[in-house]
Amino acid sequence: MIRRSNKPVFWSLFGAGGMVSALIGPMLVFVTGIAVPLGFLLPHDALRYERMLALAHNPAGKLALAVVISLFLFHGCHRFYHCLHDFGIHVTAGMKAACHGFAAAGTALAVYLLLVIGF
Amino acid sequence: MPAPNLLNRYTRPMEGWWRRNPFYLWYMLREASCVFIIAYALVLLCGLYRLSQGEAAFNGWLAALATPRSIAFHGITAMMVLYHAWTWFKVMPKTLPFIHIGGKRMPDAAIVTSGLAAAVVLSALLFVLVWSGRS
Amino acid sequence: MQVIQADVVIVGGGGAGLRAAIAAAERDPSLRIALVSKVVPMRSHTVAAEGGAAGVVRGDDSLENHFDDTVSGGDWLCEQDVVDYFVAHCTDELVQLERWGCPWSRKEDGHINVRFFGGMKVQRTWFAADKSGFHILHTLFQTSLRLPSISRYDEFFCADLMVEDGKVRGVLAIEITTGEFFLFEAPAVVMATGGAGRIYRQNTNAGIVTGEGMGMAYRHGVALRDMEFMQWHPTALPGTGILITEGCRGEGGILVNKDGYRYLQDYGLGPLDPWPRPKAMELGPRDRLSQAFWHEQQKGRTIDTPKGQVVHLDLRHLGRKKILERLPLITEVAKTFMGVDPVVSPIPVCPAVHYTMGGIQTNVRCETSLSGLYAAGECSSVGIHGANRLGSNSLVEIIVFGRVAGDSAAQHARTVTASHGDSIRRQAEASAQHLLSLLGQETGERVATLRDAMRDSMESGVGIYRKQDAMQATCETLAELRTRYRGGVRLDDRNRAFNTEWLTAIELGYMLEVAEALAHSALQRRESRGAHFRLDGYEERDDERFLAHSIAHFRGDGPPLIDYAPVTITRSAPRTRTYGGAGKKAEMT
Amino acid sequence: MTTTRIIEIECQRFNPQTDSEPHFQSYQVPFSEEMSVLQGLQYIKDHLDGSLTFRWSCRMAICGSCGSMVNGVPQLSCHTFLRDYFPDKVRIEPLNHFPVLRDLAIDQTDFLAKLESVKPYLIPDTEKTPAQGTYLQTPQQMDEYYQYSECINCLLCYAACPQYGLNKEFTGPAALALLHRYNADSRDAGSAERMEVINGENGVWGCTLVSYCSEVCPKGVDPARAINQNKINSTKDYFLRFLQPRGGK
Ligand SMILES: Cc1cc2nc3c(=O)[nH]c(=O)nc-3n(C[C@H](O)[C@H](O)[C@H](O)COP(=O)(O)OP(=O)(O)OC[C@H]3O[C@@H](n4cnc5c(N)ncnc54)[C@H](O)[C@@H]3O)c2cc1C
Ligand code: SF4
Ligand code: F3S
Ligand code: FES
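Chains as they are written, first to last, in our numbering: chain Z, 1 to 119; chain W, 1001 to 1135; chain F, 2001 to 2589; chain E, 3001 to 3249.
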């Protein structure tokens, strides 16, 4: 009997994250990291406090923020330990747990913050 | 001459395998994109944290984003995420069963193109959404 | 030396060997079956067969048709009772393959599709795109993995048969990786080692088709039957000999000479229209087509290329869609190996040795004259091909008679008590010592030198057309080459591990003997029949004296002894073989 | 066209009886336009050095014997042409990731065991006799699996796949493609039995979609696709078993 891998759980998260980041990732990075800070194509205040707070108050906005942060982390962390393996580093169960734990912690923190911010 | 009993076999070590072929380098580049995606998620998480601390804190975060180092980092990240997106759609057909339309198999190029098209449309929407909120 | 005990040893992992192994394992799962092959089974030469396999399925076809096509195609040198058995079992075996997963090409409604092949009255050839042999072989190989009683010995080179008191007792093999000798002790051995095409230079066969399986049986006193009948395939690529399947012509491809003229109409194969049409023009039998090429060449109407004389196989009128859909492999082969795209230009082709009709003599149960030894597939002469094999009969022969051989061997293994090996082991040791001595030779010629000399001499003496003096000369050359071989070959490679040069040297010893059997059988047959065509006053078939199988017996270092055995004729008396226009007399001289 | 040119062929040599490490040896080989790399090797064997060891048989890209690394790329040597490398030299090594038995001949037993492990044969619902005729299967149903049945077991994909190089337990591209070939066949009912291999850590999950396997495959099998669409199947299987009493299909 071959042991079933638990990859389906993490691969689903990896895949979902990969898909979201492929669909909007480049634009998101461009908007938040380049266009708005530089005022290039987009105004400086497009990400101003009130607007972002409104986004974080809005349930749909909350969901979107949580999903992006969480899935990006799960996607990245899953790939990260594959990378370690590719570099010939033996990936132990502990290291895998640490990777997934890191993503889970990030997700928990995001959810906590979104709750703290309130509705 | 006796037959050798225990055969000596040579297996090439894997050390530095990714340097053997450009195909592998591109693969490693794709995999490396994960570091940037994680980092970017952390940047967003940090923004969320600052948001929860109030306006001054949040503005501090915005200011940090505008530093040259941050811009440079995001520039590279954007390239990496873009490369990730390109490879993601390029291999998308490999993750799908054959799709038959009218008895004909949908060509891989069509699947790749639809993925890319979806990304373009959604990215445009996102841009417009952000743009529409200007004061 | 390691000793392996088995109940049935099968030598050869091609279509015939695999089918035999499956049959034996299914018949009696308690038997220990050893499948010994010098290559991993799916590398066997069956993999290269393109066209397809014959089996009656259409309402307008019948077993009689298949029988008639086979017997007349074989110029009445077939064992008719065996052909009867054969045609009655083809379709079942092809269906069985389908049930094991073989991806035969289908019609829109999901039924099997069949097509024309040369020499056929009605469409009867089952095909899997143009990779029929490939799919048959992989289906058989993969199916064999289900059966735990089959132990595979991949890359074991069978080097000798073990015989005692007129009974086969096993085989001696070399594990190629290590060079270690293995003795397989078994009361039943099936030879399924394939043909001997590589004794010629221009041929369509894979590099492993070297005929030593025939040679082993022959050396141990089993007769080789009808060896003079070598089939030339009319359409191979010049230089490499890579085959361009008959399927091309079945789909409507035409052959033209340097003037763009469909020359086959000059050789009793016409008229031109309608086309494609069974048993006429380009779908005439292979021997006629190859001979027609020779005549065109004599008349200076072939095309001169750096790689020799060729004619053109033209598919262009079929259109891109049909060519790519029905003949994808050929398109690719022509492009890569010849730099020709069949969609836009004709393919240069010439005849090349293709199939060994003769082989180890067996009866319909695949038994040889040596108790416990069976043979099936191209290495055997069970009697269905006669003087000329019908296209697509051999892929089905290997499964029909592969099964028979497996069954017979399994039955035999059950009835015989195992031998106690002492004397067999001594025999094996002696044989091994002899083979090892090849490694130690300090003087002698290169294997390639002797081999090339043999090939050239076969080509010149026992080619498409044959004459007394040329055949005589070939016989003499072969005798001389055997002497030189005995005198010693010198190997560059003195290692035991994976020494392919050593194996080639062993092969060559057997090949020379098989070649000699062939040349002498040809020399003695003073008539023309099927693939054996003489130009020295024996241009006609002579049923009076030669409606008989030639039987070559091994006689040590000397030339073989050739005698004759009657042909079993049940219901089809010899007639003139005519193709093309009804009754039009063949003008083949 | 017939002019003979000389090309340098550099071969990796390794003799298990005397060497612990391989080395390279160069040969000067005259070649003509249509000569394959395999024919170059045959020339060396026949005329220059009978001890050079390599496998070949069909010389027409169908038997899968002659895979080797040609200038670092997994290729069928019978289907790779010297003309494409001239005037540079050609460097020939045994297929990557496999133990070398001698010179260019690698040990293929690991693959054969893996092939066996995926149950590459039809597992029908109910056995029928030949008298009951063939199954029906439309061309479109055939299309679902046909390309995966074209694998010639040449192992180029294993030499291309770093995941196999890093983890020899990985079932690997060709074996998984053949697994999928049977699962996708409308005549087969054995998917449930094969699911175990798919689901394991070394089944489809050993693959990180490098996809070089599909790139080098000489027969257009696209093993990467066979593997990666089964990641979805494996995932479904993983979750569905919680919904269905006996683990689902
Ligand atoms: C290019 C080509 C196309 C063809 N197309 C068709 C076609 O369309 N239709 C048709 O009906 N026929 C066709 N044929 C003929 C047909 O393919 C062969 O006759 C048939 O495949 C032979 O099968 P086999 O099992 O007898 O031998 P093979 O497949 O040749 O197998 C021989 C086996 O014996 C093993 N062996 C040999 N010697 C030794 C030894 N010393 N020790 C251990 N093992 C050994 C080999 O390893 C191999 O496994 C074609 C032939 C060629 C050359
Ligand atoms: S999948 Fe392609 S590369 Fe891999 S073994 Fe099969 S044919 Fe060769
Ligand atoms: S190269 Fe290897 S990692 Fe996967 S896609 Fe192919 S099997
Ligand atoms: S020799 Fe058969 S694939 Fe190259």
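The beta carbon of each residue, even a glycine, is placed where N, CA and C say it ideally should be.
Residue from the options with nearest C-alpha to residue i
| i | options | result |
| --- | --- | --- |
| residue 2527 of chain F | F:2371, F:2228, F:2301 | F:2228 |
| residue 2083 of chain F | F:2373, F:2522, F:2396, F:2548 | F:2396 |
| residue 2435 of chain F | F:2020, F:2017, F:2065, F:2159 | F:2159 |
| residue 2033 of chain F | F:2551, F:2151, F:2064 | F:2151 |
| residue 98 of chain Z | Z:107, Z:112, Z:109, Z:81 | Z:81 |
| residue 2111 of chain F | F:2068, F:2057, F:2458 | F:2057 |
| residue 3034 of chain E | E:3060, E:3069, E:3067 | E:3060 |
| residue 2457 of chain F | F:2437, F:2438, F:2442, F:2480 | F:2480 |
| residue 2103 of chain F | F:2564, F:2127, F:2109 | F:2127 |
| residue 1076 of chain W | W:1105, W:1049, W:1094, W:1032 | W:1032 |
| residue 2403 of chain F | F:2048, F:2044, F:2097 | F:2097 |
| residue 2105 of chain F | E:3138, E:3207, E:3036, E:3040 | E:3138 |
Contact test: residue i Cβ vs ligand 3 heavy atom, cutoff 7 Å
| i | result |
| --- | --- |
| residue 64 of chain Z | no |
| residue 68 of chain Z | no |
| residue 3173 of chain E | yes |
| residue 2231 of chain F | no |
Beta carbon of residue i nearer than 8 Å to that of residue j
| i | j | result |
| --- | --- | --- |
| residue 3103 of chain E | residue 3052 of chain E | yes |
| residue 2024 of chain F | residue 2406 of chain F | yes |
| residue 3077 of chain E | residue 3038 of chain E | yes |
| residue 2022 of chain F | residue 2143 of chain F | yes |
| residue 2338 of chain F | residue 2348 of chain F | yes |
| residue 2558 of chain F | residue 2519 of chain F | no |
| residue 5 of chain Z | residue 3230 of chain E | no |
| residue 2214 of chain F | residue 2374 of chain F | no |
| residue 1140 of chain W | residue 3212 of chain E | Outside the shown range of chain W, which is 1001 to 1135, sits residue 1140 of chain W, and nothing can be said about it. |
| residue 2360 of chain F | residue 2380 of chain F | yes |
| residue 3008 of chain E | residue 3128 of chain E | no |
| residue 1993 of chain F | residue 2080 of chain F | With chain F running from 2001 to 2589 in the structure shown, residue 1993 of chain F is simply not present. |
| residue 2296 of chain F | residue 2254 of chain F | no |
| residue 2173 of chain F | residue 2153 of chain F | yes |
| residue 2508 of chain F | residue 2439 of chain F | no |
| residue 1044 of chain W | residue 69 of chain Z | yes |
Proximity test, residue i beta-carbon vs ligand 4 heavy atom, cut-off 7 Å
| i | result |
| --- | --- |
| residue 3079 of chain E | yes |
| residue 2049 of chain F | no |
| residue 3056 of chain E | yes |
| residue 2198 of chain F | no |
| residue 3064 of chain E | yes |
| residue 3038 of chain E | yes |
beta-carbon residue i near ligand 2 non-hydrogen atom, thresh 7 Å
| i | result |
| --- | --- |
| residue 3223 of chain E | yes |
| residue 3156 of chain E | yes |
| residue 3216 of chain E | yes |
| residue 3219 of chain E | yes |
Distance cut-off 7 Å: residue i Cβ against heavy atoms of ligand 1
| i | result |
| --- | --- |
| residue 2205 of chain F | yes |
| residue 3052 of chain E | no |
| residue 2568 of chain F | no |
Proximity test, Cβ basis, 8 Å: residue i and chain B
| i | result |
| --- | --- |
| residue 3231 of chain E | Of the chains in the structure shown, none is chain B; the protein chains are Z, W, F and E. |
Of all the residues that make up the region 3052-3085 of chain E, which are near chain F by a beta-carbon distance shorter than 7 Å? 3053, 3056, 3057, 3058, 3059, 3060, 3062, 3063, 3064, 3065, 3079
Would you list, in chain order, the members of the region 2091-2108 of chain F that have their beta-carbon closer than 7 Å to a beta-carbon of chain E? 2092, 2095, 2096, 2098, 2099, 2100, 2101, 2103, 2106, 2108
Taking beta-carbon pairs under 7 Å, can you tell me which members of the region 1101-1132 of chain W lie near chain E? 1103, 1105
Residues of the region 100-115 of chain Z with a CB closer than 8 Å to any CB of chain E: list them in chain order, please. none
Listed in chain order, which residues of the region 1071-1097 of chain W have Cβ atoms closer than 8 Å to some Cβ of chain E? Flagged, chain order: 1091, 1093, 1094, 1095, 1096, 1097.
Interface residues of the region 2070-2094 of chain F facing chain E [CB-CB below 9 Å]: 2091, 2092, 2093, 2094
Under 9 Å (Cβ pairs) to chain W, residues found in the region 12-25 of chain Z: 15, 17, 18, 19, 21, 22, 23, 24, 25
Which residues, in chain order, does the region 3009-3038 of chain E contribute to contact with chain W at a C-beta distance below 8 Å? 3014, 3016, 3017, 3019, 3020, 3021, 3022
Contact set between the region 40-56 of chain Z and chain W, restricted to residues whose Cβ is under 7 Å from the partner: Taking 7 Å as the Cβ-Cβ cut-off, the region 40-56 of chain Z approaches chain W at 42, 43, 45, 46, 47, 49, 51, 52, 53, 56, given in chain order.
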